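Right, one structure below, let's go through it.
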């Protein structure tokens, strides 16, 4: 821990490292996907600098993590870092007697707002699974003797399903969403984007869409049943909406079909074959539904991706 760091900042740094590990992204890749440079991310993740609130939100978005717990950790660390939580010193009373030896200082106690945020963090931490437990273990190891070697970054939690057991499961909840391969990204006639994703660790695929309208639907199928997701409201239009997973081994052809909300609009489908070494192609090399090169457009960053409830029918 650096001289300027606080225990609250150390907890935030450990949680940020765990999120970065889940994304599977290098520092250079983080810089490409966010407004912050590679050197900035290195300082944030090493604990040398307190990251901006927006950087924490961006990392949550890339890891598919809800923002609540991380922002609560950030708020406590930021208040301690800036000194807002320190109690104002009391005015000394005049005394005619000889000066007394000053009493030993007691640690500053957090104010009411800090205590409330701390309770929020503790409640959230109780609900997290293996990823949060790993972060706590690393934090405890930081408190061991100074002669101990520095702790290594926590490893990503293993997937909770594989192959057929992933059928119909949520990729984020099953820990399949960390570092997936992108099979293809397409631009539909309405301007919506559709992306097919695949997790080699889970041997399962899913589809997601963004820049959508309320009522748009997305379907995915491989060798099993068809799974659907629907854009249900304004919140969904400002974020990703993704389907549950379908089992897909290397060589399997996966199909995603986009159904616009407009009644007179046709269905647009895209197929992709799962390869043994699938990579994430640059945006300018991805083909669109019409065959033309797509225009690079930013993906939504105002909200964390979420899966819509399966559409009926």
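In the numbering used here, the protein residues as written are 28 to 340.
Even for Gly, the Cβ is constructed at its ideal location relative to N, Cα and C.
As the structure is a prediction and not an experimental result, all values here were calculated from the model.
Would you kindly check if the distance between the Cβ of residue j and the Cβ of residue i is under 8 Å?
i	j	result
residue 207	residue 224	yes
residue 273	residue 302	no
residue 228	residue 193	no
residue 90	residue 50	yes
residue 216	residue 295	yes
residue 72	residue 52	no
residue 58	residue 64	yes
residue 82	residue 210	no
Strictly by DSSP, which residues pair up with residue i?
i	result
residue 254	247
residue 284	246, 296
residue 273	232
Taking 7 Å as the limit between beta carbons, can you name the residues of its chain near residue i, skipping five residues before and five after?
i	result
residue 105	77
residue 108	33, 36, 77
residue 264	239, 240, 241, 258
residue 39	100, 101, 104
residue 187	201, 202
residue 290	none
residue 260	241
residue 69	54
residue 84	94
residue 293	none
So, for residue i: in the same chain, excluding its five sequence neighbours on each side, which residues have a beta-carbon less than 6 Å away from its beta-carbon?
i	result
residue 242	288
residue 268	236, 256, 258, 335
residue 230	189, 190, 276
residue 198	204, 233, 272
residue 253	246
residue 226	203, 207
residue 195	271
residue 67	none
Using a Cβ-Cβ cutoff of less than 8 Å, which residues in the same chain neighbour residue i once the five nearest sequence positions on both sides are dropped?
i	result
residue 219	236, 237, 238, 239, 240, 243, 285, 287
residue 342	Because the chain in this structure spans residues 28 to 340, residue 342 falls outside the shown range and cannot be described.
residue 305	Note that residue 305 scores a pLDDT of 42, beneath 50, so its modelled location is shaky and nothing firm can be said.
Assuming residue i and residue j make a contact with CB atoms under 8 Å, what is their CB distance in whole Å?
i	j	result
residue 98	residue 47	So it is not a contact: roughly 17 Å between Cβ atoms.
residue 279	residue 248	That belief does not hold up - the Cβ atoms of residue 279 and residue 248 are roughly 11 Å apart, past 8 Å.
To test your reading of the DSSP string, which unbroken beta strand (DSSP E) runs of 3 or more residues are found completely within the stretch 174-235? 208-214, 220-226
Taking only runs that begin and end inside the stretch 61-92, name each unbroken alpha helix (DSSP H) of 4 or more residues, in chain order. 65-73, 80-90
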